[in-house]
Ligand SMILES: [Zn+2]
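In the numbering used here, the protein residues as written are 845 to 1338.
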């Protein structure tokens, strides 16, 4: 599904001037609206994410990426997003490994732009610039790019040592890093020293629950914020730092390179398909064809068997995460443009079996790594089943805490957090559903019932938005609320 063309974008379209790819990308990003929302919702020195007082660890990280903190965090944040777009960074890292011909084709400039957007999709999208159709823009939902990172961190913790070595070898080769024998020895030593920590802190069941929470927040609210559970281990020391080999998240940083590799190549494949003469006729067939091209590009551009194997595995991890998100997604209007991930995976299995340019030994190695990952992810899914059966969700549980601790900011402070790391579209929908539930319950509850307190806390969000006359946030919220209100029958809505 392509992002909505909201009225502000549509107005700019009507300008007679042709837009370049980067100009069109800026329209799609709709930064102004996003920051306006964020500023509206930031409680001054609120509970939790205090955006007026940047914590020390974040200051350090900002310094590393070259963004010296402003007196106002929002300005700093805007600067980072403008100058350090994760999607274009990942894109360029992947394109570097393509053939010279493809590198030329995917060179960023006036005819091609790549960036992150605040949509709640798991997949990216390719746009042709209106009135200037030779120009293209590839957008990746910022959440999906970060989600693959955090999930890879979690998945990597319990991968077998042999497979870990395979990923590391392939990654070092891909980025041209020569890992020394000392690093390897350090990795073995540090890994064995960490065994207790792995068994205790990173117990398998705990990792499974964290993965479920991370994916649920994305499916439910479109949110992908940093995993609290892993926070003590961020930032990961850089290459060459003696603390990096054997670090619990070293592997995740490696795996995600291959996961995002498939993600990026899939979008590149759409551009290649569009320019070819044998474009499939149905939208799902186009997606399968893009997967096929992305998959084979991953294998052919790799210079070593290990890289080929990991490129295959990266595609399967990406689609396994997509499948997990699909299982959790219950938004009635949510219709993905892409076919089900399960189907995409079976097609890639067939592709792998029939891929002639891959020698039998490498093919077997790829199959066994994919099988191991599949087994691992299925086990993580089963171990977190109990969390999927509970009716509680982050909106309800955060609200309960705010009421129990008599601190409204606990709930209200989540709104800017959800906005920073998420997609406003899902948030508006969820708030509307929750508001209707509370209104229904309040209509029959006694005046002293806590449901009234909850409703008044929730209504502060709508009131804050209404006061912000320059923003169309209130219209967005009300559109979802009115639709939800007309759908739910009083008292029977759950
Ligand atoms: Zn696609």
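Even glycine gets a Cβ: it sits at the ideal position worked out from N, Cα and C.
If you compare alpha carbons, which of 1166, 1213 and 1202 is closest to residue 1147? Counting from 1 along the chain shown, the entry for residue 1147 is found at position 303. For the residues 1166, 1213 and 1202, the minimum Cα distance to residue 1147 belongs to 1202.
Any chance the stretch 1152-1165 sits against the stretch 996-1012, with 3 or more Cβ pairs inside 8 Å? yes
Just to check my reading of the structure: residue 1298 and residue 1247 have Cβ atoms closer than 8 Å, yes? What is that Cβ distance to the nearest angstrom? Here residue 1298 refers to the residue found at position 454 of the chain shown. Here residue 1247 refers to the residue found at position 403 of the chain shown. With 8 Å as the limit, residue 1298 and residue 1247 qualify as a contact, their Cβ atoms being about 6 Å apart.
For residue 1331, which three-state DSSP category applies? If you number the chain shown from 1, residue 1331 lands on position 487. Correct three-state label for residue 1331: helix.
Hey, is the stretch 996-1005 in contact with the stretch 936-955, meaning 3+ C-beta pairs nearer than 8 Å? no
What runs of the beta strand (DSSP E), each 3 residues or longer, lie entirely inside the stretch 964-1050? 969-973 and 976-985
Helix, strand or coil at residue 851 according to DSSP, with G and I counted as helix: As a position in the chain shown, residue 851 is number 7, starting the count at 1. The pLDDT assigned to residue 851 is 47, lower than 50, so where the model puts this residue is not dependable; a value taken from the coordinates is nonetheless given after this. Helix.
Does DSSP put residue 957 in a helix, a strand or coil? Here residue 957 corresponds to residue number 113 of the chain shown, with the count starting at 1. Residue state, collapsed to three classes: strand.
Rounded straight-line distance, which links the Cα of residue 1086 to that of residue 1234: For this step, residue 1234 is matched to residue 390 along the chain shown. For this step, residue 1086 is matched to residue 242 along the chain shown. The alpha-carbon atoms of residue 1234 and residue 1086 are separated by roughly 43 Å.
Looking at C-beta atoms only, is the number of pairs between the stretch 1105-1120 and the stretch 954-972 that lie closer than 8 Å three or more? yes
Reference residue 1077, options 1111, 1150 and 1041, closest by Cα: As a position in the chain shown, residue 1077 is number 233, starting the count at 1. For the residues 1111, 1150 and 1041, the minimum Cα distance to residue 1077 belongs to 1041.
Could you tell me the alpha carbon to alpha carbon distance between residue 861 and residue 975, rounded to whole angstroms? As a first step, residue 861 is located in the chain shown; it is residue number 17 there, counting from the start. As a first step, residue 975 is located in the chain shown; it is residue number 131 there, counting from the start. So the two alpha carbons sit approximately 9 Å from each other.
Residue 1131 in three-state terms, based on DSSP: Taking the first residue of the chain shown as 1, we reach residue 1131 at position 287. If DSSP states are grouped into helix, strand and coil, residue 1131 belongs with the helices.
Buried or exposed: residue 1073, going by 16 or more other Cβ atoms within 10 Å of its Cβ? Translated into the one-based positions of the chain shown, residue 1073 becomes position 229. Classification for residue 1073: buried.
If you draw a straight line from the C-alpha of residue 952 to the C-alpha of residue 981, how long is it? Taking the chain shown and counting its residues from 1, one reaches residue 952 at position 108. Taking the chain shown and counting its residues from 1, one reaches residue 981 at position 137. Each residue's Cα considered, the two are about 10 Å apart.
Our contact map puts residue 1089 next to residue 1038 with C-beta atoms below 8 Å; I'd like the distance itself, whole angstroms only. Position 245 of the chain shown, counting from 1, holds the residue named residue 1089. Position 194 of the chain shown, counting from 1, holds the residue named residue 1038. Actually they do not touch by this definition, with Cβ atoms about 11 Å apart.
Going by DSSP in three states, residue 1259 sits in which element: helix, strand or coil? Position 415 of the chain shown, counted from the first residue, corresponds to residue 1259. In this structure, residue 1259 counts as helix in the three-state DSSP scheme.
For a quick check, are the C-beta atoms of residue 996 and residue 1068 less than 9 Å apart? Counting from 1 along the chain shown, the entry for residue 996 is found at position 152. Counting from 1 along the chain shown, the entry for residue 1068 is found at position 224. Cβ atoms of residue 996 and residue 1068: not closer than 9 Å.
Which residues in the same chain as residue 1173 place their Cβ atom closer than 6 Å to its Cβ, once the five residues preceding and following it in sequence are excluded? The sequence position of residue 1173 within the chain shown is 329, counting from 1. Contacts found: 1063.
In chain order, what are the residue ranges of uninterrupted alpha helix (DSSP H) at least 4 long that sit wholly in the stretch 1225-1249? 1229-1233 and 1238-1248
Give the residues whose C-beta lies closer than 6 Å to at least one heavy atom of ligand 1, in chain order. 967, 1110, 1114, 1131, 1134 and 1182
May I ask which residues mark the beginning and end of the alpha helix (DSSP H) holding residue 1268? Position 424 of the chain shown, counting from 1, holds the residue named residue 1268. Run containing residue 1268: 1268-1288, per the alpha helix (DSSP H) assignment.
Please tell me whether residue 1306 and residue 1321 are closer than 9 Å, where the distance is taken between their beta carbons. Here residue 1306 refers to the residue found at position 462 of the chain shown. Here residue 1321 refers to the residue found at position 477 of the chain shown. Contact flag set, yes.
From 1310, 1230, 1016 and 1184, residue whose alpha carbon lies closest to that of residue 1052: Stepping through the chain shown from its first residue, residue 1052 is reached at position 208. Considering only alpha carbons, the answer is 1230.
Can you tell me whether residue 987 is buried or exposed, with buried defined as 16 or more other CB within 10 angstroms of its CB? Taking the chain shown and counting its residues from 1, one reaches residue 987 at position 143. It counts as buried.
For the alpha helix (DSSP H) containing residue 870, list its first residue and its last residue. By 1-based counting over the chain shown, the position of residue 870 is 26. It spans 865-873 - the alpha helix (DSSP H) in which residue 870 sits, taken as one unbroken run.
Spatially closest choice to residue 1065 from 993, 1121, 1272 and 1295, by CA coordinates: Counting from one through the chain shown, the residue named residue 1065 turns up at place 221. Residue 1272 is the option with its Cα nearest to residue 1065.
Whose C-beta lies closer than 6 Å to the C-beta of residue 1141 among residues of the same chain, with five residues either side of it excluded? Translated into the one-based positions of the chain shown, residue 1141 becomes position 297. The answer, listed in chain order, is 1109.
Give me the Cβ distance between residue 1127 and residue 1181, rounded to the nearest whole Å; I'm assuming they're in contact under 8 Å. Numbered from its first residue, the chain shown carries residue 1127 at position 283. Numbered from its first residue, the chain shown carries residue 1181 at position 337. Indeed they touch by this definition, with Cβ atoms about 7 Å apart.
Between the CA atoms of residue 972 and residue 864 - distance to the nearest angstrom: Counting from one through the chain shown, the residue named residue 864 turns up at place 20. Counting from one through the chain shown, the residue named residue 972 turns up at place 128. Distance between the alpha carbons of residue 864 and residue 972 is about 10 Å.
Can you tell me the Cβ-Cβ gap for residue 1339 and residue 1252, rounded? I've got them flagged as a contact below 8 Å. This structure leaves residue 1339 out entirely; the chain is present only between 845 and 1338.
According to DSSP, simplified to helix, strand and coil, what is residue 1161? Stepping through the chain shown from its first residue, residue 1161 is reached at position 317. In this structure, residue 1161 counts as helix in the three-state DSSP scheme.
Along the chain, where does the alpha helix (DSSP H) containing residue 1189 start, and where does it finish? Within the chain shown, residue 1189 is the residue found at index 345, counting from 1. That run of the alpha helix (DSSP H) goes 1185-1197.
Reduced DSSP category for residue 1320 - H, G, I as helix; E, B as strand; rest coil: Indexing the chain shown from 1 puts residue 1320 at position 476. Residue state, collapsed to three classes: helix.
Using three-state DSSP, classify residue 934 as helix, strand or coil. Position 90 of the chain shown, counted from the start, is the residue given in the question as residue 934. Helix.
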